[in-house]
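For reference, the structure is listed below as structure tokens.
4 protein chains.
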Amino acid sequence: MIMGMIVANQETKCIDTIEHECPVLVYINNRRRFIVVAREEGFLDTDIGRIPYRDMIGKVYGSYIVLPNGLRAYLLRPNFIDFIERGFKRRSQVIYPKDHGMILVLLDIKPGYRIVEIGVGSGFTTAFLARVVGDNGRVYSYEIRRDMIEIAQKNLEKIGVSHRVVLRNRDARLGIDEKDLDAAIVDIPDPWSVVETLEDALKPSAGAVFFTPTVNQVSRLLTMLESRRCWIDTRIYEVMLREYEPQADALRPRTTMIAHTGYLVYSRYAR
Amino acid sequence: MIMGMIVANQETKCIDTIEHECPVLVYINNRRRFIVVAREEGFLDTDIGRIPYRDMIGKVYGSYIVLPNGLRAYLLRPNFIDFIERGFKRRSQVIYPKDHGMILVLLDIKPGYRIVEIGVGSGFTTAFLARVVGDNGRVYSYEIRRDMIEIAQKNLEKIGVSHRVVLRNRDARLGIDEKDLDAAIVDIPDPWSVVETLEDALKPSAGAVFFTPTVNQVSRLLTMLESRRCWIDTRIYEVMLREYEPQADALRPRTTMIAHTGYLVYSRYAR
Amino acid sequence: MIMGMIVANQETKCIDTIEHECPVLVYINNRRRFIVVAREEGFLDTDIGRIPYRDMIGKVYGSYIVLPNGLRAYLLRPNFIDFIERGFKRRSQVIYPKDHGMILVLLDIKPGYRIVEIGVGSGFTTAFLARVVGDNGRVYSYEIRRDMIEIAQKNLEKIGVSHRVVLRNRDARLGIDEKDLDAAIVDIPDPWSVVETLEDALKPSAGAVFFTPTVNQVSRLLTMLESRRCWIDTRIYEVMLREYEPQADALRPRTTMIAHTGYLVYSRYAR
Amino acid sequence: MIMGMIVANQETKCIDTIEHECPVLVYINNRRRFIVVAREEGFLDTDIGRIPYRDMIGKVYGSYIVLPNGLRAYLLRPNFIDFIERGFKRRSQVIYPKDHGMILVLLDIKPGYRIVEIGVGSGFTTAFLARVVGDNGRVYSYEIRRDMIEIAQKNLEKIGVSHRVVLRNRDARLGIDEKDLDAAIVDIPDPWSVVETLEDALKPSAGAVFFTPTVNQVSRLLTMLESRRCWIDTRIYEVMLREYEPQADALRPRTTMIAHTGYLVYSRYAR
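Residue numbers (our numbering), protein chains in the order written: chain A, 11 to 281; chain B, 11 to 281; chain C, 11 to 281; chain D, 11 to 281.
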């Protein structure tokens with residue numbers, strides 16, 4: 011839905027007013043929500059009407075356009091979840107926002123942090139981290155697949171945070187360039203193979219989260235962490251997110267849910 | 011365990027080296043973990059030995075002291091969860107880290123954000139938000155109970171972020187001073203009573219999360235949000251966090267878990 | 011998949027050997043599983059081969075036929091879950107097996123029990139109960155919709171337990187004929203409207219389970235139960251069933267799950 | 011709370027009227043619930059009054075006695091969950107009612123079934139199964155620990171179903187006497203060690219449920235089942251039961267829950 015081109019850096023503009031090249035979440039109702047880019051040409055075509063992109067320019071985020079049928083099309087500033095749901099390209103299994111939140115809490119991430127990410131995939135986690143570390147922080151992201159690097163790069167540009175990320179098309183199992191990092195997030199099929207590497211890259215007292223889908227991976231990773239004798243306070247979590255139907259007089263959980271994405275293995279490096 | 015005095019601002023010092031007045035997580039094993047403050051006098055007394063606080067000064071975070079019985083006492087930089095578990099004073103029901111992560115994701119919080127918090131309680135959420143918004147952000151926190159304000163103030167000082175928080179001992183139902191805020195978090199028994207107030211305080215397109223323990227509150231809040239006709243994209247979530255025993259050869263979920271803290275009602279203000 | 015005709019009563023035959031008119035679960039693999047009825051004519055047509063129904067007659071349940079491509083087609087005795095998944099007609103929301111098990115435990119159901127069911131739907135719960143109460147027990151089932159009664163009747167005949175069920179096309183809110191019943195299960199949109207009726211029909215000390223999808227219904231039902239002052243030991247449960255992928259070396263929960271069917275409100279009548 | 015002596019067989023008496031030796035659940039409120047045996051001597055002593063056991067004799071189940079302070083003490087017929095919570099002796103980890111219900115559904119248990127149980131423990135599952143198979147069914151229960159056999163025997167007698175159970179103080183890994191059984195339930199630390207044994211004991215098409223607490227056990231069991239090539243339709247489940255506070259105007263899940271008892275591995279024997 012969103013074009014592949016680079017949009018404006020919405021960290022410094024696209025904050026209150028929709029300018030040229032700003033991303034917009036057009037929200038009509040829960041089933042009709044679209045991410046588009048405001049510009050002079052083109053339009054959003056929906057089953058209940060067409061909205062020219064240029065009509066959005068100059069509007070305030072949070073205002074609306076009335077469609078011919080009387081419905082309102084709200085022009086919202088897309089947030090991270092909106093990009094996850096509608097804006098980003100996806101070509102791999104991804105970590106979900108429910109896990110992102112817990113990863114941030116476990117790793118104690120804050121502005122200015124320097125983080126290593128091993129296994130970039132479509133760059134969703136990269137984007138999440140880059141938002142939170144701010145302009146003084148950095149995310150160093152290792153990925154062996156060239157095609158994933160390119161997708162991640164595009165996704166980072168869409169939300170204007172690619173300048174905070176160093177994408178490395180390299181195998182982290184062979185080493186990490188950075189030292190004294192504040193935190194690590196690992197999302198590869200063989201997380202045990204980078205444990206030693208992380209010991210060189212992390213500050214003592216820093217934490218790592220390993221995201222793994224199967225219990226077999228968790229078990230093998232635990233064996234590796236124990237054998238190294240410098241990883242402590244190991245914890246394993248699973249985040250289950252349940253959504254409810256937002257009806258005041260018929261309130262109930264949604265019928266289906268994502269029951270599993272992966273386990274979060276947290277451990278802390280000390281020496 | 012931690013003394014009530016003001017400790018060093020660990021946002022600017024207490025980062026790599028343990029200096030005078032720095033907080034330390036002394037980690038011996040999962041059952042023996044303590045938050046203390048490094049200083050010249052006093053000591054940590056545990057069932058397996060005594061550690062003078064002064065021995066910690068000058069050590070690097072992540073290093074360890076060998077106890078008389080041969081066990082290692084790791085000196086770690088306490089992170090947010092450690093403060094929640096061992097460091098903060100608590101005199102109210104609190105929002106848990108599992109919810110903090112999801113709140114951050116939903117509200118799309120990043121450095122520089124200006125956030126209003128209605129209902130401070132022990133200040134755990136305040137502290138979490140203040141860490142993430144950084145020095146350019148602000149958290150405006152309203153609380154009617156004077157005693158809770160004082161506890162929150164102490165907790166904020168312990169992690170060195172009180173300068174990012176404006177604590178107001180006021181009833182937010184009567185109005186909020188700030189305008190054009192980026193996000194709101196509400197944790198009071200009658201969240202519907204501040205919905206109109208929030209409409210004056212939030213930027214259009216900004217989101218609010220209402221944290222409520224009972225379904226009756228959720229239902230009544232939904233009715234209010236619908237009636238106002240300027241709240242959209244309403245979603246209701248519940249975060250369930252399951253922890254596993256970290257044993258490689260006997261991996262299994264913990265027997266008991268926190269099954270409920272509260273529902274997260276997210277909605278977005280537009281006009 | 012299964013023909014609508016009445017099959018043999020598999021409570022007395024169809025136990026070890028597949029006879030004429032016996033139901034058979036043809037199991038090739040998890041994606042290819044079919045319920046059919048053994049008979050002289052016709053055949054099961056699958057994408058990997060055709061199996062004449064007559065080839066099944068005389069075989070022992072649990073044996074297999076080798077297909078032309080070498081795969082085995084197992085001939086199993088269909089159990090209750092198989093009928094739920096593949097055999098029964100469904101024309102309504104149904105209670106799931108995960109809930110059936112808990113209902114049985116809560117109501118303490120055993121052979122010989124006489125149970126009232128209010129709200130029959132497609133008869134899945136009726137069938138479940140009829141299996142467990144045995145030939146000395148009875149299920150009295152009230153349903154206002156004639157079309158549902160007919161579907162339920164067919165489903166009961168498919169598993170040969172219709173002689174244990176009395177289907178009444180009546181509005182239970184107007185009264186129940188039976189007295190001194192051992193248990194009640196209620197699955198209608200307004201369960202509070204039959205509470206008084208149940209007081210006349212149940213033995214003192216007997217339990218009732220009310221199955222309701224929304225929290226609003228639970229709340230209103232609780233209000234009614236409290237107001238009557240003869241319902242005690244009220245409990246509310248939710249059964250969440252999580253399934254795992256059965257792979258020894260890549261063990262993990264299924265990605266999606268049924269997150270909600272309904273709440274089970276249990277209470278006990280005493281006077 | 012309940013005396014160790016044999017009580018009346020409440021399958022044939024103790025149904026409507028409380029006779030000598032009948033078990034009674036004395037229910038005052040959720041925190042004050044006791045299982046006792048009606049008899050001529052002795053009394054139940056609670057913090058709010060004393061109830062002589064003889065006062066219960068001749069009363070109808072479901073009636074009540076008014077205590078001196080005006081509260082009602084209901085005299086209920088204890089059901090299976092009541093015995094689990096208050097009546098049975100327990101000297102081992104046990105399978106919970108939430109799992110019992112699902113086991114029954116998976117194994118398709120009904121009156122008349124002949125079931126083998128490997129690993130008896132305190133006999134809770136034995137008792138549950140014996141209730142449901144009725145007088146025409148049988149439960150053959152193998153347990154290597156003599157002391158557990160004795161506890162199980164006492165628990166079975168308390169609910170009057172010991173005549174339906176054959177307790178064998180033997181190691182099932184060395185063989186099972188019975189043939190052509192309808193179902194199997196296995197609750198031992200090394201379930202893989204009885205898989206071959208079960209192949210001799212079960213009818214083809216019959217199912218087995220293996221209850222195991224750790225994922226490592228599940229994985230090893232799966233490997234064994236696959237290697238035998240005669241176990242099909244393998245499924246793995248986890249039952250999570252969530253309880254709610256039964257307050258109409260403050261409805262919410264209980265704060266804590268049992269997050270894990272064990273995994274249910276279901277498979278079906280075919281040859």
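Built from N, CA and C at the ideal position, the CB exists for glycine as well.
- Straight across, the Cα-Cα distance linking B:Arg64 with B:Ile169 is about 20 Å.
- When C:Glu29, C:Tyr152, C:Asp145 and C:Pro223 are compared, the shortest CA-CA separation from C:Glu50 is found for C:Glu29.
- With three or more CB-CB distances shorter than 8 Å, the region 154 to 171 of chain D counts as touching the region 86 to 100 of chain D.
- DSSP places B:Thr233 within a helical segment (H, G or I) once states are collapsed to three.
- The region 235 to 244 of chain B and the region 36 to 47 of chain C do not touch, with fewer than 3 CB-CB distances between them shorter than 8 Å.
- Taking a contact as a CB-CB distance under 8 Å, the pair B:Pro199 and B:Phe220 does not count as one, their CB atoms being some 11 Å apart.
- Restricting attention to A:Ile161, A:Thr135 and A:Ser277, the CA atom closest to the CA of A:Tyr150 is found in A:Thr135.
- Cβ-Cβ distances below 7 Å link B:Leu208 to Ala194, Ala218 and Tyr279 in the same chain, with the five nearest sequence neighbours on each side left out; the list follows chain order.
- DSSP places B:Asp55 in the uninterrupted beta strand (DSSP E) bounded by Phe53 to Thr56.
- The alpha helix (DSSP H) runs of length 4 or more contained entirely in the region 201 to 261 of chain D are, from start to end of the chain, 205 to 211 and 225 to 238.
- Taking 7 Å as the threshold, the shortest C-beta distance from D:Pro201 to chain B does not fall below it.
- The beta-carbon of A:Arg101 is placed no less than 7 Å from the nearest beta-carbon of chain C.
- If you draw a straight line from the Cα of C:Ala216 to the Cα of D:Ala269, it is about 29 Å long.
- For the pair D:Ala140 and D:Val171, the CB atoms are nearer than the 7 Å cut-off.
- Just measuring C-alpha positions, the residue of A:Ser277, A:Leu232 and A:Glu255 sitting nearest B:Leu261 is A:Leu232.
- C-alpha of D:Val176 to C-alpha of C:Cys32: approximately 32 Å in a straight line.
- Under the three-pair Cβ rule at 8 Å, the region 182 to 197 of chain B does not count as touching the region 155 to 162 of chain B.
- At a cut-off of 3 residues, the continuous stretches assigned as beta strand (DSSP E) that sit fully inside the region 45 to 99 of chain B are 53 to 56, 59 to 62, 73 to 76 and 82 to 86.
- Residue state for D:Ile169 is assigned as coil, using DSSP reduced to three classes.
- Shown here for C:Tyr247: same chain residues with a beta carbon closer than 6 Å to its own, the five before and five after excluded, namely Leu274 in chain order.
- Look at B:Thr222: its C-beta is not under 7 Å from any C-beta on chain D.
- The C-alpha of A:Arg87 lies about 21 Å from the C-alpha of B:Glu127.
- Under the DSSP definition of a beta bridge, C:Thr27 partners with C:Val70.
- Within the same chain, and ignoring the five residues on either side of B:Ile58 in sequence, the residues whose Cβ sits closer than 6 Å to its Cβ are Asn79.
- DSSP places D:Ile113 inside the alpha helix (DSSP H), whose first and last residues are Pro107 to Leu117.
- Among the CB atoms of chain D, one or more fall inside 7 Å of the CB of A:Val225.
- For B:Arg43, the beta-bridge partners assigned by DSSP are B:Tyr37.
- Annotated three-state conformation of A:Thr265 is coil, per DSSP.
- By the criterion of a C-beta distance shorter than 7 Å, B:Thr271 is surrounded in its chain by Ile105, Tyr106 and Asp109, once the five residues flanking it on both sides are discounted.
- The region 116 to 157 of chain A contains, as complete alpha helix (DSSP H) runs of 4+ residues, the segments 134 to 143 (chain order).
- If you look at A:Ala193, you'll find it in the beta strand (DSSP E) that goes Leu191 to Val196.
- The beta carbons of C:Gly122 and C:Gly147 sit closer together than 7 Å.
- Rounded to the nearest whole angstrom, the CA to CA distance from C:Arg43 to D:Val115 is 19 Å.
- Across the structure, B:Arg60 and B:Phe138 are spaced so that their CA atoms are roughly 32 Å apart.
- Between A:Met66 and A:Leu85 a beta carbon distance of about 6 Å is seen, short of the 8 Å cut, so the two are scored as contacting.
- Your pair D:Gln103 and D:Gly131 checks out as a contact, with CB atoms roughly 7 Å apart and the cut at 8 Å.
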